[in-house]
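Working notes for the structure below.
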Amino acid sequence: MRIIAFGASYSSGSINREWARYVSSQISETQLEVLNLNDYDLPVYTVEREKKGIPPAVNSFISKLKSADLLVISFAEYNGSYTAGFKNLFDWASVHTLKMFEGKKLILLSTAPGPRGGKTVLSAAIDRFPQHGADIIGTMSLPRFNQNFDPTKGILDVELKKDFEKLLKNVKQKINE
Ligand SMILES: Cc1cc2nc3c(=O)[nH]c(=O)nc-3n(C[C@H](O)[C@H](O)[C@H](O)COP(=O)(O)O)c2cc1C
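Mapped onto my numbering, the consecutive letters of the sequence shown carry residue numbers 76 to 252.
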């Protein structure tokens with residue numbers, strides 16, 4: 076099974092990329108590719124720019140989505156919403172292929188240094204992504220990333236770890252359905 080994972084952030088040290096990588100690695104390490112959105116550097120979307128042609132980076136991003144059996148996306152939250160960088164990529168992707176997630180299973184995640192763990196942006200994506208064809212098979216937000224996560228030990232908080240184990244069990248079942 077080919078997994079494509081990314082953090083919906085252009086920060087080079089994105090904690091959401093790390094969270095998406097970790098969750099994916101607990102499902103399967105064999106065919107995991109973690110994207111860095113900096114490889115999809117794009118001008119701000121405008122109708123006039125679209126008329127001049129969709130940039131090749133958009134096509135590359137869509138090709139990665141299409142190559143996946145499972146997509147694992149973790150959303151960084153800026154001011155209660157998507158990061159501007161991700162929203163721009165998403166807007167470009169939607170004018171290229173509106174149903175960019177058609178036929179794909181997705182796990183949607185979020186994390187943040189704060190106590191809400193990016194729940195607001197995660198809810199927005201859970202509401203919106205089915206309109207782009209997404210079959211969302213699991214979701215989880217991880218609050219207080221720096222206290223609750225260790226790169227080698229994984230989730231440190233006992234209750235959050237239980238939630239995570241439930242998520243893994245459910246998604247593994249849904250992947251095999
Ligand atoms: C402009 C800006 C706005 C932010 N707004 C929020 C917010 O609304 N909620 C939140 O939980 N964290 C917020 N943060 C903190 C981010 O969650 C934090 O920077 C996090 O590391 C972003 O994820 P990333 O490392 O994957 O890019 C904000 C950070 C910035 C720079």
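Positions of the beta carbon are idealized from the N, C-alpha and C atoms, including for glycine.
The model shown is predicted, which means the values in this text are computed figures rather than measured ones.
Distance cut-off 7 Å: residue i Cβ against heavy atoms of ligand 1
i	result
residue 226	no
residue 154	yes
residue 160	no
residue 89	yes
residue 86	yes
residue 151	yes
residue 80	no
residue 95	no
residue 200	no
residue 132	no
residue 191	yes
residue 219	no
Where the beta strand (DSSP E) containing residue i begins and where it ends
i	result
residue 108	107-110
residue 217	210-217
Distance between beta carbons of residue j and residue i, contact taken as under 8 Å
i	j	result
residue 83	residue 151	6 Å
residue 137	residue 172	5 Å
residue 194	residue 169	No, residue 194 and residue 169 are not in contact; Cβ-Cβ is about 24 Å, not under 8 Å.
residue 79	residue 108	5 Å
Start-to-end residues for the alpha helix (DSSP H) that takes in residue i
i	result
residue 233	233-251
residue 161	159-171
residue 136	131-142
residue 201	194-203
residue 90	90-100
residue 122	122-127
Residue(s) in a DSSP beta bridge with residue i
i	result
residue 225	229
residue 147	80, 182
residue 156	153
Candidates the options: closest to residue i by CA position
i	options	result
residue 165	116, 180, 144, 192	116
residue 146	211, 220, 234, 243	211
residue 178	167, 217, 194, 206	206
residue 96	225, 235, 131	225
residue 220	93, 81, 78	93
residue 126	199, 175, 167	167
residue 199	86, 99, 143, 154	154
residue 201	238, 157, 239, 112	157
residue 190	204, 161, 174, 222	222
residue 214	162, 124, 99	99
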